[in-house]
Amino acid sequence: MKLRPISAFLLALCLACSATPGARADEQSFEQLTAAAEKGDADAQYRLAQSYIRGLGVAKNHSKALELIQKAADQGHAEAMGGVGYFHANGFGVKKDLAVAADWFRKGAEKGGAKAQLNYGQALLKGRGVPVNEPDGLKWIDKAIAQNLPHASFVKGEFYYHGLHKHAQDYRKAYEYVIRAAEADHAAAQNMLGSIYDEGLGVKIDLEKAMFWYRKAAEQGDPKGMSNLGQKLGPAGTDASKHVEALKWLLLAQRAHEPVAVKLLLELLPTRPPEVVKEARKLAAEFKPRPSAEGKPAFGK
């Protein structure tokens, strides 16, 4: 199931302000974070901003999140700087301005923020708010990889997988980067790794491993992972015991507007027994994505 190139820049933005390792927003209560933030603790301000964005212990509030993350950024918090860039890149609480966003990404990157480095690198590659500069963009992404940022490894794997940004298409090299991200529980990387094993791209075909990684991605709610898992299980295959589960994953992928699942279900649903469809819909309605070991994105979800 060959994957299409996706906007790695946008994916990076979704992770612009993920919790730093060992500093997850949900490790302290909302009250504890508030008390620390009010005393001027930059990391607490940054993490409290995550709470307001994600609705952890408090109603979601983008304006409050921006206020807090700006305070943390003004104190030199590297990932908070990248987070301010995220708000400006998307026009959340401020006028959308890619140049201002790129400047904040640069500040965070130079301060050592891995996610800011990735986002600044992507801005340079795409010319978003700054002139295109592929050599410098790739250097910043490599800096993020050196800090073991899973999403940066996935982005680099995408370059080799699709042959992007002067990277010759090389599935073996793609595998080397993608597996690092997948093993760190990065959902999109897990789906891509499933595709690599499914089609034998740079590795031997291994359908058992393909299913394993598709399932890992699907369990996190990754649309392509859910679609691929549903297709591989076979919603109309010879093994009737898999029909309900297969349809469940396809329905979930359809709900996420995954185009292959949307098209497939238009043809498939009228042919399925009503009781199978009913049970699949029930399971889909009950589905809750499992938390990622990598850390939930704090902004963009």
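Each residue of the sequence shown is one higher than the last, beginning at 93 in the numbering used here. Glycine residues also receive a C-beta, built at the ideal position from the N, C-alpha and C atoms. If you're wondering where the values come from, they're calculated on a predicted model, not measured in any experiment.
Query                                                                                                                             : Result
Spatial distance of residue 115 from residue 359 (CA atoms)                                                                       : Residue placement at residue 115 is flagged as unreliable, the pLDDT there being 39, under the threshold of 50; the coordinate-derived value follows with that caveat. Their backbone Cα atoms lie some 47 Å apart in a straight line.
Runs of alpha helix (DSSP H) lying entirely within the region 326-376, each at least 4 residues, in chain order                   : 335-347, 351-360
Pairwise C-alpha distance: residue 288 and residue 369                                                                            : 30 Å
Which listed residue (210, 381, 251, 250) has its alpha carbon closest to that of residue 231                                     : 210
Beta-carbon contacts of residue 381 that lie in its chain and below 6 Å, excluding the five residues immediately before and after : 312, 313
Three-pair Cβ contact test at 8 Å for the region 189-207 versus the region 173-180                                                : yes
Between the CA atoms of residue 363 and residue 208 - distance to the nearest angstrom                                            : 49 Å
Contact under 7 Å by Cβ, residue 129 with residue 142                                                                             : no
Every unbroken alpha helix (DSSP H) inside the region 251-301 [4 residues or more]                                                : 263-275, 279-291
For residue 219, the first and last residue of its enclosing alpha helix (DSSP H)                                                 : From DSSP, residue 219 is part of no alpha helix (DSSP H); its letter is neither H nor E.
Extent of the continuous alpha helix (DSSP H) to which residue 177 belongs                                                        : 170-182
Assigned secondary structure, residue 188 (DSSP; H/G/I helix, E/B strand, else coil)                                              : coil
Buried or exposed (CB count within 10 angstroms, at least 16 for buried), residue 384                                             : buried
Residue 168 burial status per 10 Å Cβ neighbour count (16 or more: buried)                                                        : exposed
Under the three-state DSSP convention, the category residue 166 falls into                                                        : helix
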